[in-house]
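When the sequence shown is numbered by numbering that gives the first Met the number 0, its final residue is 100 and no position is left out of the sequence of numbers. I have placed the structure first, in the form of structure tokens, so that the comments after it can refer back to it.
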Amino acid sequence: MKSCIPVIVETVIEVRIVPATNCYIIEVVYEKTLQPQIHSTYVAGIDLGIDRLVALSTNKPGVKPLLVNGKPLKSVNQLYNKRKAKYQSHLKGNRKTSRIY
0 MKSCIPVIVE
10 TVIEVRIVPA
20 TNCYIIEVVY
30 EKTLQPQIHS
40 TYVAGIDLGI
50 DRLVALSTNK
60 PGVKPLLVNG
70 KPLKSVNQLY
80 NKRKAKYQSH
90 LKGNRKTSRI
100 Y
């Protein structure tokens, strides 16, 4: 099995092969040069939450603050959890899945 991930690095410090449950994880540690800082007078703030999924604000003129309601997504997740619990209650014993190992 040959796999190539195109990454441009200058200096590789360490390569680790970590055995996992049914695969191997290859970790590559390398040095990366710092990108030049961009000096801008504009900044933006993003707040992630549950009831308000996203609140975005900026000091750039003409850009309105943005609020994204998270309650519909929260409701869908609640229904999913409710149905999952119902189906799991039909399984025998304390099993969480119908998969046979």
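Note that the Cβ used here is the ideal one computed from N, Cα and C, for glycine as well. Here the structure is a predicted model, which means the values were calculated and not measured.
Asparagine 58 is not bridged by DSSP to any residue. The beta carbon of lysine 70 is closer than 8 Å to those of Asp50 in its chain, skipping five residues each way along the sequence.
Taking the CA atoms as reference points, isoleucine 16 sits about 12 Å from valine 28. Annotated three-state conformation of asparagine 76 is helix, per DSSP.
Residue nearest to glycine 48 within the set Arg98, Gln87, Leu72 is Leu72 (criterion: CA-CA distance).
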